[in-house]
Amino acid sequence: MGALLCVAPLDAAAEQGAEALGLKGDASFYYYGELGRISTFGPFLSGSWEPSPSRLISVQASVDVITGASPNGARKLPIPQTFSTASGGSVYNTAADETPLAAFKREGRIAGQLGYTERFGSNHSLALGIGGSTERDYKSTRGTIGWSSELGRRNTTLDVQLRYEHAWIEPNGGVPVALSLMAADKLTEGDSAAKDVVGASVAVTQVLSRTTLAQWGYSVQGDLGYLSDPYKIVTRVSNGDTVPADLAYVYESRPESRWRHAFAVTVIQESRPVTFRGGYRLYLDDWGVVTHTANTGLRVAIGESVHLSATARGSFQSKADFYTYDLEPGRTVDHASADYRLGDLATVSGFLGGGVMLAEAHELRVRAGPMHQFPLADGRFPAVTALIGHLSYVGEW
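The opening residue of the sequence shown carries number 7 in my numbering; numbering runs sequentially from there.
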């Protein structure tokens, strides 16, 4: 998972397992669609089996369908633009005063994970996990190991996790030479490239009172190897918004290492029938990106079988040191990327949802809402609006 506070308290699975067979399952379907751009959707399945009070076996599987178009990194210009496809076998066009989008055919991604948890006594547990994913041009394998301990009078839980991932990419048309010209016969460094990801996280969950819970967490992650996007380009143009004869496009270049740090705090307050949740997360890395994220949510129980929920989230991100809208001809740089996701951004989202108990230990849940992302200092890339939805069924046997 690789995210902060990713080490969930392991006692929940062991103590809340089903009374009969010890089986739990979750079947869900999600949708993410940017208006006029990329869309992803697909099912997610997870299940666990508790063969004994001290052991838990879990499995996860997902299938993602990806379709649509995404910005290729080139800037908007007052003239039509023509680009080579990644394979170099054809071209695609963008109209004047439009943000260039690279369209692609529908693609798929399959991912899975297997986990095993062993409890030692009543207060400690060890969790192991292996997993991987595959798609047309990207594959990965990963492993995790986690330790959880309940301290004091079980009012404090300490969770620690280590993780490792190896991934390799085989981009269509080969791996382009950094900052080389986009062309049908582009320069390549080979057919594939790889990266390694190492990470660690620690979280402390503290019961503050009968109705209040708090969690603090820290995570660090190192990405080492090929970190550029082989399909992203940067416009090389001079004289501001005018169009010179030497207009060209070069493939982006990112550093071959990225160290990330994140700190987070979450507070949960319950006052039946209302449960409040609030949190803050600080993210920073050695690329110069700093992100502040705040979130809040309410859950209201209606009787014993129905609940409604509302959540809101907002974040502000500063750009990477090498982010640029374009490059002047003759300018010498080691790294450059026009990927708007590395720029100054603000993101806001909100969701409404609810759940209903269909039977004892069987629940149907739904959540949906919009996300709006817009550039801050550089408004030359358009804002992005997406619709997000999630439907799930959770049961115990």
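Just so you know, even glycine gets a beta-carbon here, dropped at the ideal spot from N, CA and C.
Buried versus exposed, by CB contacts within 10 Å (16 or more), residue i
i, result
"residue 168", "exposed"
"residue 152", "buried"
"residue 255", "buried"
"residue 338", "exposed"
"residue 241", "buried"
"residue 232", "buried"
"residue 308", "exposed"
"residue 78", "buried"
"residue 369", "buried"
"residue 341", "buried"
"residue 196", "exposed"
"residue 140", "exposed"
"residue 109", "exposed"
"residue 305", "buried"
"residue 103", "exposed"
"residue 243", "buried"
"residue 390", "buried"
"residue 313", "buried"
"residue 127", "exposed"
"residue 181", "buried"
"residue 383", "exposed"
"residue 359", "buried"
"residue 263", "exposed"
"residue 366", "exposed"
"residue 193", "exposed"
Sequence-distant residues of its chain with Cβ nearer than 7 Å to residue i (five each side left out)
i, result
"residue 178", "92, 93, 143"
"residue 393", "39, 376"
"residue 336", "none"
"residue 277", "217"
"residue 184", "234, 257, 259"
"residue 97", "88, 89, 90, 91"
Delimiting residues of the beta strand (DSSP E) encompassing residue i
i, result
"residue 178", "Unbroken run through residue 178: none, as it is neither H nor E."
"residue 37", "29 to 40"
"residue 145", "144 to 157"
"residue 239", "239 to 242"
"residue 90", "87 to 90"
"residue 255", "254 to 257"
"residue 130", "130 to 141"
"residue 99", "97 to 100"
"residue 399", "390 to 402"
"residue 272", "263 to 277"
"residue 196", "194 to 196"
"residue 340", "It is not in any beta strand (DSSP E) - residue 340 carries neither H nor E in the DSSP assignment."
"residue 55", "45 to 58"
Residues near residue i in its chain [Cβ-Cβ closer than 6 Å; skip 5 each side]
i, result
"residue 395", "37, 374"
"residue 70", "46, 48, 115"
"residue 173", "146, 201"
"residue 6", "This structure gives no information on residue 6, because the portion of the chain shown stretches from 7 to 403."
"residue 68", "50, 117"
"residue 224", "208, 269"
"residue 170", "149, 204"
"residue 123", "16, 62, 131, 133"
"residue 52", "32, 66"
"residue 41", "391"
"residue 136", "120, 149"
"residue 280", "306"
"residue 228", "204, 265"
"residue 34", "50, 398"
Per DSSP, cross-strand counterpart(s) of residue i
i, result
"residue 203", "171, 229"
"residue 301", "285, 319"
"residue 368", "365, 401"
"residue 236", "Looking at the DSSP assignment, residue 236 forms no beta bridge with any residue, so it has no partner."
"residue 77", "107"
"residue 335", "Answer is none; residue 335 lacks a bridge partner."
"residue 376", "393"
"residue 291", "266"
"residue 357", "317"
"residue 117", "68, 139"
Cut-off 8 Å between Cβ atoms - residues of its own chain near residue i, not counting five sequence neighbours on either side
i, result
"residue 311", "362, 363"
"residue 99", "86, 87, 88, 89"
"residue 80", "87, 89, 100, 106, 239, 240, 241, 255, 344"
"residue 386", "81, 82, 331"
"residue 129", "155, 156, 157, 160"
Any chain D beta carbon closer than 8 Å to residue i
i, result
"residue 133", "In the displayed structure, chain D is absent; only one protein chain is listed."
**Item:** the segment 313 to 324 / the segment 283 to 299 touching (three or more Cβ pairs under 8 Å)
**Value:** yes
**Item:** Inter-stretch contact at 8 Å, needing at least 3 Cβ pairs: the segment 286 to 295 / the segment 257 to 271
**Value:** yes
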